[in-house]
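S.K.: First the structure, then my questions, so here it is.
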Amino acid sequence: MLVRERLSILPLRSPSTRGPSIRQPDKATAADARAKGAAARLPRHAAATERNRDPILAVLQQVLPTRGLLLEISSGTGEHAAYMTPRLSSDLLWQPSDVAPEAIVDIDGHARESGCARINPAVVLDVRWPSWPVDSADALLCCNMIHIAPWTAAAGLFVGGARILRQGAPLLLYGPFRRRGVHTAPSNAAFDQSLKARDASSGVRCLDTEVEPLAESAGFRLDRVFEMPANNFLVLFRRIGA
Ligand SMILES: C[S@@+](CC[C@H](N)C(=O)[O-])C[C@H]1O[C@@H](n2cnc3c(N)ncnc32)[C@H](O)[C@@H]1O
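FYI, our numbering numbers position 166 of the sequence shown as 462, with every residue one higher than the one before it.
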């Protein structure tokens with residue numbers, strides 16, 4: 297059941313199916329996607345966001361700065377941005393992004409429906425790009441991306457995050473993780489198998505032996521790990537010595 301639920305929040309094609317090339321920022325893609333998609337369809341919906349948004353929001357309310365720019369990586373449908381931004385500090389702006397140009401229509405659509413003016417228009421952003429279309433932020437949030445994408449995406453997330461965050465700024469990572477090499481629930485082990493069957497370069501990552509060393513090598517320290525419902529974690533890293 298959990299496996300199906302998790303896969304159902306993959307509304308968009310993984311970039312790993314697009315071959316090895318990593319595109320550079322192309323400002324036309326977001327505009328093109330808006331032009332093609334706006335009239336064509338309603339924004340897509342990911343059911344899991346309704347289940348996990350309140351627990352995630354409760355942590356964000358504790359740890360995010362009260363002002364500045366939050367850059368969300370891999371926004372997907374954009375429903376987290378639409379739900380959470382009005383419930384966060386009124387001095388905080390939310391910048392959604394996704395690698396998939398077709399996601400822009402969903403993200404902007406949900407933002408519009410929320411009526412919240414503190415959600416910026418979404419940008420196309422592949423974490424593996426050597427430069428991002430957002431060159432500084434006060435916090436970074438990435439939900440449910442590093443297990444569905446190749447490991448190079450996790451590396452790109454931390455390397456890019458280190459480029460744009462100042463010392464002490466938070467990088468928050470939400471999703472399932474193995475701990476000390478071991479799955480935290482049978483459902484996560486099954487989910488891992490299903491991910492790998494689709495794409496051998498994806499899979500549930502180990503927080504302790506894979507993600508934390510990667511983060512440290514890019515200039516982050518692990519600050520806190522929040523246990524979340526449905527065997528997920530929200531992991532708070534902080535930028536060190538920028
Ligand atoms: C499972 S969805 C999660 C969406 C949303 N964050 C959520 O929790 O509902 C994974 C998202 O990661 C995005 N993604 C995959 N690879 C990426 C990359 N290299 N850079 C940025 N986003 C990426 C996909 O396009 C997709 O929207």
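C-beta: ideal position from N, C-alpha, C; glycine also.
To the nearest whole angstrom, what separates the beta carbons of A407 and A451, a pair I think is in contact under 8 Å?
M.R.: Translated into positions along the sequence shown, residue 407 becomes position 111. Translated into positions along the sequence shown, residue 451 becomes position 155. 29 Å between Cβ atoms; not a contact.
S.K.: Helix, strand or coil for S370? Go by DSSP, reduced to three states.
M.R.: Here residue 370 is taken as the residue at index 74 of the sequence shown, counted from 1. Three-state result, S370: coil.
S.K.: Compute every distance between the C-beta of V521 and the non-hydrogen atoms of ligand 1, then say whether any falls below 8 Å.
M.R.: Along the sequence shown, read from residue 1 onward, the residue named residue 521 stands at position 225. V521 Cβ: outside cutoff for every heavy atom of ligand 1.
S.K.: Is N484 helix, strand or coil when you go by DSSP?
M.R.: Sequence index remark: in the sequence shown, residue 484 carries index 188 (1-based). Here N484 sits in helix by DSSP.
S.K.: Indicate the three-state DSSP secondary structure (helix, strand or coil) for W390 in the structure shown.
M.R.: On the sequence shown, position 94 is the one that residue 390 refers to. In this structure, W390 counts as strand in the three-state DSSP scheme.
S.K.: If we require 4 or more residues per run, which alpha helix (DSSP H) segments fall completely within the region 392 to 475?
M.R.: Taking only runs of at least 4 residues, the alpha helix (DSSP H) segments lying wholly in the region 392 to 475 are 399 to 410, 447 to 460.
S.K.: Specify whether the region 371 to 389 and the region 404 to 423 touch according to this definition: at least 3 beta carbon pairs, one from each stretch, less than 8 Å apart.
M.R.: Because the criterion of three Cβ pairs below 8 Å is met, the region 371 to 389 and the region 404 to 423 touch.
S.K.: Restricting to Cα atoms, I'd like to know which of R535, V507, A465, D495 is closest to T362.
M.R.: Walking along the sequence shown from the start, residue 362 turns up at place 66. Closest option to T362, Cα to Cα, is A465.
S.K.: For I536 and D434, I'd like the C-alpha separation in whole angstroms.
M.R.: Locating residue 536 in the sequence shown gives position 240, where the first residue counts as 1. Locating residue 434 in the sequence shown gives position 138, where the first residue counts as 1. If you take the alpha carbons of I536 and D434, they lie about 14 Å apart.
S.K.: May I ask you to list the residues that DSSP assigns as paired with N245?
M.R.: As shown, the chain starts at 297 and ends at 538. That puts residue 245 outside it, with no answer to give.
S.K.: Does the beta-carbon of G452, which I'm using as the reference point, lie nearer than 8 Å to any heavy atom of ligand 1?
M.R.: Indexing the sequence shown from 1 puts residue 452 at position 156. Checking every heavy atom of ligand 1 against the Cβ of G452, one is found closer than 8 Å.
S.K.: Can you give me the C-alpha to C-alpha distance between I460 and R474, rounded to a whole angstrom?
M.R.: Here residue 460 refers to the residue found at position 164 of the sequence shown. Here residue 474 refers to the residue found at position 178 of the sequence shown. Roughly 28 Å between the two C-alpha positions.
S.K.: Taking contact to mean 3 or more Cβ pairs, one atom from each stretch, closer than 8 Å, check whether the region 357 to 376 and the region 388 to 401 are in contact.
M.R.: Yes, they touch.
S.K.: Ignore the nearest five residues each way along the sequence and tell me which others in L510's own chain have a CB closer than 7 Å to its CB.
M.R.: On the sequence shown, residue 510 is found 214 positions in, with the first residue counted as 1. For L510, where only same-chain residues beyond five positions count, the Cβ hits under 7 Å are A450, A451, F454.
S.K.: Can you grab the Cα-Cα spacing for the pair L437 / N484, in whole Å?
M.R.: The residue you call residue 437 lines up with position 141 of the sequence shown. The residue you call residue 484 lines up with position 188 of the sequence shown. In a straight line, the C-alpha of L437 is about 22 Å away from that of N484.
S.K.: For S490 and G405, I'd like the C-alpha separation in whole angstroms.
M.R.: Walking along the sequence shown from the start, residue 490 turns up at place 194. Walking along the sequence shown from the start, residue 405 turns up at place 109. Near 30 Å, if we compare the C-alpha coordinates of G405 and S490.
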